[in-house]
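Residue numbers (my numbering): 23 to 1102. We treat Cβ as the ideally placed atom computed from N, Cα and C, and that holds for glycine. Notes for the one structure printed next.
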């Protein structure tokens, strides 16, 4: 590579040598003085000729360089470098052939671009003494400080016109040895970089070298101001000169509207040895010439001035004569119009806040003024809201923290310039703001009040209109209900004897809190699936509205169950269906309200769901169109009237208001009192604690033989709202009994005999109740305090529990016909569940009360209900026991439910599958049983079917048997399990077990019926079925929640009593037989 660099361009060397020779000749002519004949020889003409020749050679060299730079150069072969030797030809004045010369392929490698650029730049600067960089290059390269030139007599006015023309000045010739070498490119001057790419190309730089050294600049035509040379020399410092050179070298672009760009470094390799030698030769000759022309100017070191461009603002004022400020102003004189605005703003800020001293960083100030501050946008960079503007202005200070603390000190603004006026304005502003705020708050309060009053009035008016509309609608429903009820009463006998449609809606219209407290409320409404058995009457069509979605398995099961029709299916040996089966199956329809999908968890009663089910109502209207129909509901609700009015049919039941009044515990006791039947001692309509204590103390004093007192809520169902307390826990109970025995039953009825015991009871009753009263259903009311709160809120009754160890409760279902007749439909003795006060089943028919006594009581209660416009189905609860003093049987009426009972639904199912009848006047369940008798011997092999005989049966009913493990067994598996254990119903013998299924999804509850020839057999079968089912679906680790065990225990107690009664009856019969024999 070194050999290649030594092979220089022959023509370039010739041109440089010719120029050097001309310069030497010109200098030597200046020192020659010839005297000829006493006269001085004039060499001016010779100097002019040399100068003309030099210009011509320079022009030819420029044309040659243009031609050479546009030519594509190729490197020679490596093996030819040593063979080729460059022969420098002698200089000849004629250079016509120079522009046409081209470097040959076999010649040496051209000089590097760095050498060409450096030599050309140095020669051009040294040959042009008026160039602004001539003095700088001379000073930096040789340490020669040239004297200052005299001032110009005239001052040129800068022109603001855009000058057009070439931007490239006179170009010096770059040596050929440095033209094509990229690593020998000399450093560029400021003028070269301003001249552009064309200038470098014309000077002989290769394109790649120019690209490495230059950076893109945006050209903006603008007139530049001119300054005096003295002013320029004074203000220009070495620091500024070095900064400018550094900026140009790094490729920075400093404009007003653009951000700083990261510097682009350009590395230029050092020049070759040949170029260094040539340059040093030329520069040493120039330096020697300058030294000979001006021997007084000796090289002296330039003073090193370091300026931070920072200045001080004292008391918000700038000292214009301060050296630091003058230096800053002189340094940024070209952009002073932009800087001065930011400077004025900073001065004003410091004066306003009375800042004593602030050290300003000039560079930060200029960056902020030129838009390179923290924020960019329209307007000055320091403009903005108050806080951001102050922060940006203070960011240019070097003592920013001190000034920041001072500016943000409370009250500092009022110490500065115009502080008094600002304080006055501030005070006035605060006062005006306070008054305006107070007025605004008052206005807003009044406006809010006016708006609230207006909205309240509008809401009140709207609610009033809605209430009036609802009242009018309900009044219309009630009037229509009464009209249809009168029509139903007038035509009841005709309706009962003709074709009719019964719409069963087993709705439980309990209050909202009770509905949400009941678990499985929808299934609880569907327990009465036995209502479908009304199709036993061939003139009845049943529409059953189900509160749950029934699966195909349940629909198929009830279709099969209803098709039995008293054993008609079993008349044949193969169990084929009879001709009456098809009409029975076609005469019932099960419908589910479509609103059930929209309100799955709202625990709405079935009437409400049906009210919001237009498609279901339309379907029912289509089914009953042109037919006599009426509705049989459940617990009365106001939505029953809306459904009846929508369907246009009557309701077989009381008005919702009447049912709500007399369907409570207090209402039932009113009916019993009006019917003049025996009731348990007690008091109703208790709503306060003091009333409870006084009433209880009085009742306990009057009935000394009662050992337990019951507290029943008015609106609760079953045994949920019942609590009890035993008088044996009273501390004065033994003393009170002694007082009772001392006075005797006759004198005890007088007030003076009871006063002492009554006072003692009043003292001890509150503590006695708080300690010993217990709710029956602890899952609903865990303790007495919770029960008492609900009891006093709803109201309730206090009544005595029968004073006997053997108490039997029974349920009688009555039909209060619109025609005024009372019909007993079902009667049965209750089977108790977890408590003696909760009923879980019953045995039908009842066998604990004389049928005549029972009929008398039921008739009295029924007539009392009819006098109060209570119609439809009524359930009456009675209690019977032996009086301990008289040993007579007593019957107390204890509860009245104005609804279709579960026992009645199961009784309808019993009558349907057996084809029998229940005679409540005689308390007998009679079912037809076919009897086959053999004919005489002459009719061999023939059989004569006689009329079926009536046989007595007993049934045990479990309307709701609960077991959580039942949900894990599908119904098909359940029936297979029952069949494997012999649990089933015998159609011919009319005895066995039948089930009532409630739903298809949960399957944790069901109903069961066992029928047998005697009560003991029915009870044993029922207990055995419960035990088998529990063992099959339970495991030792998973017993589940169930009421099977409680029912089994109660059945065992009943069986014991039944055995005792049977043995006692047998003894009495034997005694009677023996006595009759002795009499005879």
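Residue i and residue j closer than 8 Å at C-beta
{"i": "residue 850", "j": "residue 832", "result": "yes"}
{"i": "residue 683", "j": "residue 935", "result": "no"}
{"i": "residue 974", "j": "residue 943", "result": "no"}
{"i": "residue 708", "j": "residue 820", "result": "yes"}
{"i": "residue 835", "j": "residue 882", "result": "no"}
{"i": "residue 912", "j": "residue 727", "result": "no"}
{"i": "residue 421", "j": "residue 380", "result": "yes"}
{"i": "residue 1108", "j": "residue 530", "result": "An answer regarding residue 1108 cannot be provided, because it is not within the stretch 23 to 1102 covered by the chain."}
{"i": "residue 1015", "j": "residue 1043", "result": "yes"}
{"i": "residue 368", "j": "residue 415", "result": "yes"}
{"i": "residue 951", "j": "residue 1001", "result": "no"}
Straight-line gap, residue i to residue j (C-alpha atoms, nearest Å)
{"i": "residue 749", "j": "residue 797", "result": "15 Å"}
{"i": "residue 745", "j": "residue 1049", "result": "30 Å"}
{"i": "residue 429", "j": "residue 147", "result": "55 Å"}
{"i": "residue 570", "j": "residue 621", "result": "12 Å"}
{"i": "residue 447", "j": "residue 482", "result": "50 Å"}
{"i": "residue 15", "j": "residue 348", "result": "This structure does not reach residue 15, given that the chain is present from 23 up to 1102, and the question cannot be answered."}
{"i": "residue 610", "j": "residue 809", "result": "44 Å"}
{"i": "residue 566", "j": "residue 613", "result": "6 Å"}
{"i": "residue 1103", "j": "residue 988", "result": "Not covered by the structure: residue 1103. The range shown for the chain is 23 to 1102."}
{"i": "residue 1069", "j": "residue 920", "result": "26 Å"}
{"i": "residue 470", "j": "residue 501", "result": "45 Å"}
{"i": "residue 1156", "j": "residue 1079", "result": "The chain is shown only over 23 to 1102; residue 1156 falls outside these bounds and no answer can be derived."}
{"i": "residue 870", "j": "residue 680", "result": "32 Å"}
{"i": "residue 337", "j": "residue 158", "result": "42 Å"}
{"i": "residue 477", "j": "residue 423", "result": "57 Å"}
{"i": "residue 852", "j": "residue 1072", "result": "10 Å"}
{"i": "residue 560", "j": "residue 889", "result": "33 Å"}
Where residue i falls: helix, strand or coil (DSSP)
{"i": "residue 742", "result": "coil"}
{"i": "residue 1018", "result": "strand"}
{"i": "residue 710", "result": "coil"}
{"i": "residue 705", "result": "strand"}
{"i": "residue 934", "result": "helix"}
{"i": "residue 795", "result": "coil"}
{"i": "residue 898", "result": "strand"}
{"i": "residue 924", "result": "helix"}
{"i": "residue 992", "result": "coil"}
{"i": "residue 72", "result": "helix"}
{"i": "residue 912", "result": "strand"}
{"i": "residue 559", "result": "coil"}
{"i": "residue 419", "result": "strand"}
{"i": "residue 1056", "result": "coil"}
{"i": "residue 700", "result": "coil"}
{"i": "residue 623", "result": "coil"}
Residues bridged to residue i [DSSP beta-bridge criterion]
{"i": "residue 514", "result": "Answer is none; residue 514 lacks a bridge partner."}
{"i": "residue 566", "result": "526 and 612"}
{"i": "residue 1008", "result": "1013"}
{"i": "residue 941", "result": "946"}
{"i": "residue 985", "result": "1064"}
{"i": "residue 976", "result": "1034"}
{"i": "residue 845", "result": "837"}
{"i": "residue 735", "result": "818"}
{"i": "residue 971", "result": "951"}
{"i": "residue 1051", "result": "None, per the DSSP bridge assignment."}
| Taking three-plus beta-carbon pairs below 8 Å as touching, is the segment 856-866 in contact with the segment 656-674? | At 8 Å Cβ cutoff, the stretches do not touch.
| said: Measuring CB atoms only, is the segment 913-927 touching the segment 546-554, in the sense that at least three cross pairs come out at less than 8 Å? | reply: Contact between the segment 913-927 and the segment 546-554 is established, with three or more Cβ pairs separated by less than 8 Å.
| Given 8 Å, three or more beta-carbon pairs between the segment 1020-1029 and the segment 1054-1061 | Counting Cβ pairs under 8 Å, fewer than three are found: no touch.
| message | Pairs of beta-carbons, one from the segment 618-634 and one from the segment 495-512, closer than 8 Å: are there three or more? | response | They do not touch, by the three-pair rule.
| field | the segment 644-657 contacting the segment 524-533, beta-carbon criterion three pairs below 8 Å | value | Touching, yes.
| field | Three or more C-beta pairs below 8 Å linking the segment 812-831 and the segment 761-778 | value | Contact between the segment 812-831 and the segment 761-778 is absent: fewer than 3 CB-CB pairs across the two stretches fall below 8 Å.
| message | Using 8 Å as the cut-off, can you tell me whether the segment 836-846 makes contact with the segment 889-907, which would need three or more C-beta pairs spanning the two stretches below that distance? | response | Counting Cβ pairs under 8 Å, three or more are found: they touch.
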